[in-house]
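Chains as they are written, first to last, in our numbering: chain A, 27 to 230; chain B, 27 to 230. Backbone N, C-alpha and C define an ideal beta-carbon position, used for all residues, glycine too. Beneath this line is the structure, given in structure tokens, with notes to follow.
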DNA sequence: GTAACGCTGTGAAACTTTTCACAAGGATTC
DNA sequence: GAATCCTTGTGAAAAGTTTCACAGCGTTAC
Ligand SMILES: NC(=O)c1ccc[n+]([C@@H]2O[C@H](COP(=O)([O-])OP(=O)(O)OC[C@H]3O[C@@H](n4cnc5c(N)ncnc54)[C@H](O)[C@@H]3O)[C@@H](O)[C@H]2O)c1
Ligand SMILES: NC(=O)c1ccc[n+]([C@@H]2O[C@H](COP(=O)([O-])OP(=O)(O)OC[C@H]3O[C@@H](n4cnc5c(N)ncnc54)[C@H](O)[C@@H]3O)[C@@H](O)[C@H]2O)c1
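The following block contains the structure:
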């Protein structure tokens, strides 16, 4: 009964596209219209939406507002989820600047860094803490997710600290395959691999 | 006879792991050892490596140096590939800082930005050009790949300029599904989707 | 020399994901 | 009211991906 990573990814995309449609004033949308925006097919969209239980009308299609609501019930936690950023370097700063205030369902509530120069500062409204306070601060703030943006050799050790602190999900930017205990979800976002793939497929 | 995106991605990962092994002084490696580092299985590794034509020895496993060489023949273009970065904002600057000098097979040779304040400056050894010189500079420099790091509403128009300039592959960071003509490969690296997935799966 | 071992390469099975195809059904037209 | 149209939801087929399982083989042990 579990929904696959791919389906969840596409549902997130559909919700974004539906929000655009709502802003454009659309009341209803057909699966083939959503598919055109998602660069996918109508059958794929309908199959994906089956997991929601929400049903469209054969005559009008899907009610945009209602479908966004159904997607949000499915995708979002009941309360806003708090995220910790570990590693406030070049990438970490860009992430802080980007995610602040943009997404209602998650906030980067705190950041951590090993550099004493950075500890104590506040970047984009987000305080930077020392690494040795990770466990304490994470529990105190009720953090359940983390982003790893530290150099590759540090990533596994940082992940281990996060597991100890009770984190349930990690988005890892370091080009390292992390070990994770049962029950913790890790997504590897590997930019170098992506660029390598573009280089490979862009050439044939 | 085409190799799938997934297989290419894993081959890129294996090469990285093999380079670590080479640095550690390993001469040979077994599929199950590589699998352990890749958080995968021995059968998967062996199946993936089949596309290379290179064959390991049943007694010793794979010769690390030779396998890296075979992977490089398969993955890399004959000459170094040049990449253009479009959009030198928070993310673009982080990418410039990161990719400079790090990867032998591709270089970010030039950048482009719409902001006149940024045009003419050189960041991490990479000159920033105006958007209206994109076609000319790209052809002159022999650029074949591009990274899009402009705000979402600008991304599709930027992509269209890149197609005109003859670019063959794009790595897109904007949370927008780009249309692409036949023969151009586009990879969407959607951080918001990734974080959304971490939020979803980290919670159950 | 030969037996035992533990690996690789790969057909075939199992599983997952996508696509097809069509019954059922509202809206609109006549 | 009946006919037409174009949609949805979903079983079933097709396509793609991973895992299993084992023949074959180089190495080592004796
Ligand atoms: N910058 C990019 O565009 C880019 C691209 C691809 C991959 N990455 C990956 O993202 C990660 C971060 O990249 P970056 O460019 O921001 O690096 P960076 O060197 O600019 O920043 C790293 C930050 O992590 C901190 N840090 C180091 N060790 C730490 C530890 N043990 N605990 C906590 N904090 C620690 C440092 O003080 C620094 O602030 C790296 O793994 C890199 O490979 C970055
Ligand atoms: N910063 C992040 O961590 C992050 C995270 C997720 C997604 N993204 C995506 O990456 C993209 C870039 O993000 P950012 O934070 O660097 O934004 P940014 O606003 O800091 O930078 C955007 C840059 O693009 C330039 N630009 C604007 N319009 C342009 C055009 N038409 N042609 C060329 N250049 C143009 C601007 O001058 C600016 O330098 C956005 O699409 C954003 O959604 C960024």
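Short check: CB of residue i to CB of residue j, under 8 Å?
| i | j | result |
| --- | --- | --- |
| residue 203 of chain A | residue 63 of chain B | yes |
| residue 4 of chain A | residue 47 of chain A | Only positions 27 to 230 of chain A appear in the structure, and residue 4 of chain A is not among them; the question remains open. |
| residue 77 of chain A | residue 29 of chain A | yes |
| residue 195 of chain A | residue 211 of chain A | yes |
| residue 225 of chain A | residue 201 of chain A | no |
| residue 101 of chain A | residue 173 of chain A | no |
| residue 171 of chain B | residue 71 of chain B | no |
| residue 163 of chain B | residue 152 of chain B | no |
| residue 74 of chain B | residue 41 of chain B | no |
| residue 165 of chain A | residue 127 of chain A | no |
Just to confirm the assignment, what range does the beta strand (DSSP E) spanning residue i have?
| i | result |
| --- | --- |
| residue 282 of chain A | Since the first and last residues shown for chain A are 27 and 230, residue 282 of chain A lies out of range. |
| residue 208 of chain A | Note, residue 208 of chain A: premise wrong, no beta strand (DSSP E); not H, not E. |
Per DSSP, what are the beta-bridge partners of residue i in this structure?
| i | result |
| --- | --- |
| residue 132 of chain A | A/107 |
| residue 153 of chain B | B/148 |
| residue 169 of chain B | Bridge partners of residue 169 of chain B: none, in fact. |
| residue 89 of chain B | B/54 |
| residue 137 of chain B | B/111 and B/154 |
| residue 174 of chain A | A/112 and A/198 |
| residue 83 of chain A | A/87 |
Span of the alpha helix (DSSP H) holding residue i?
| i | result |
| --- | --- |
| residue 114 of chain B | Careful: residue 114 of chain B lies outside any alpha helix (DSSP H) and carries neither H nor E. |
| residue 188 of chain B | 178-190 |
| residue 70 of chain B | 68-75 |
| residue 44 of chain A | 31-49 |
| residue 126 of chain B | Premise fails: residue 126 of chain B is in no alpha helix (DSSP H) and is neither H nor E. |
| residue 220 of chain B | 217-227 |
Closer than 8 Å by C-beta to residue i: which residues in its own chain qualify, once you throw out the five before and the five after it? Chain order, please.
| i | result |
| --- | --- |
| residue 43 of chain B | 60, 63 and 64 |
| residue 79 of chain B | 96 |
| residue 144 of chain B | 114 and 154 |
| residue 117 of chain B | 175 and 199 |
| residue 106 of chain A | 130, 131, 132 and 133 |
| residue 182 of chain B | 202, 204 and 205 |
| residue 189 of chain B | 206, 207 and 210 |
| residue 121 of chain B | 111, 134, 173 and 175 |
| residue 142 of chain A | 156 |
| residue 34 of chain B | 101 |
To which residues of the same chain is residue i closer than 6 Å at the C-beta, ignoring the five residues directly before and after it?
| i | result |
| --- | --- |
| residue 187 of chain B | 160 |
| residue 157 of chain B | 138 and 140 |
| residue 214 of chain A | 198 |
| residue 185 of chain B | 204 |
| residue 104 of chain B | none |
| residue 123 of chain B | 150 |
| residue 52 of chain A | 90 |
| residue 17 of chain B | Since the first residue shown for chain B is 27 and the last is 230, residue 17 of chain B is missing from the structure and cannot be characterised. |
| residue 169 of chain B | 108 and 110 |
Quick one: residues in its chain with C-beta nearer than 7 Å to the C-beta of residue i, no 5 flanking neighbours on either side, listed in chain order?
| i | result |
| --- | --- |
| residue 56 of chain B | 87 |
| residue 218 of chain B | 201 |
| residue 125 of chain B | 134 |
| residue 119 of chain A | 149 |
| residue 167 of chain A | 108, 135 and 136 |
| residue 54 of chain B | 86, 87, 88, 89 and 90 |
| residue 92 of chain B | 80 |
| residue 147 of chain B | 154 |
| residue 82 of chain A | 88 |
| residue 94 of chain A | 41, 44, 45 and 48 |
| residue 216 of chain B | 201 |
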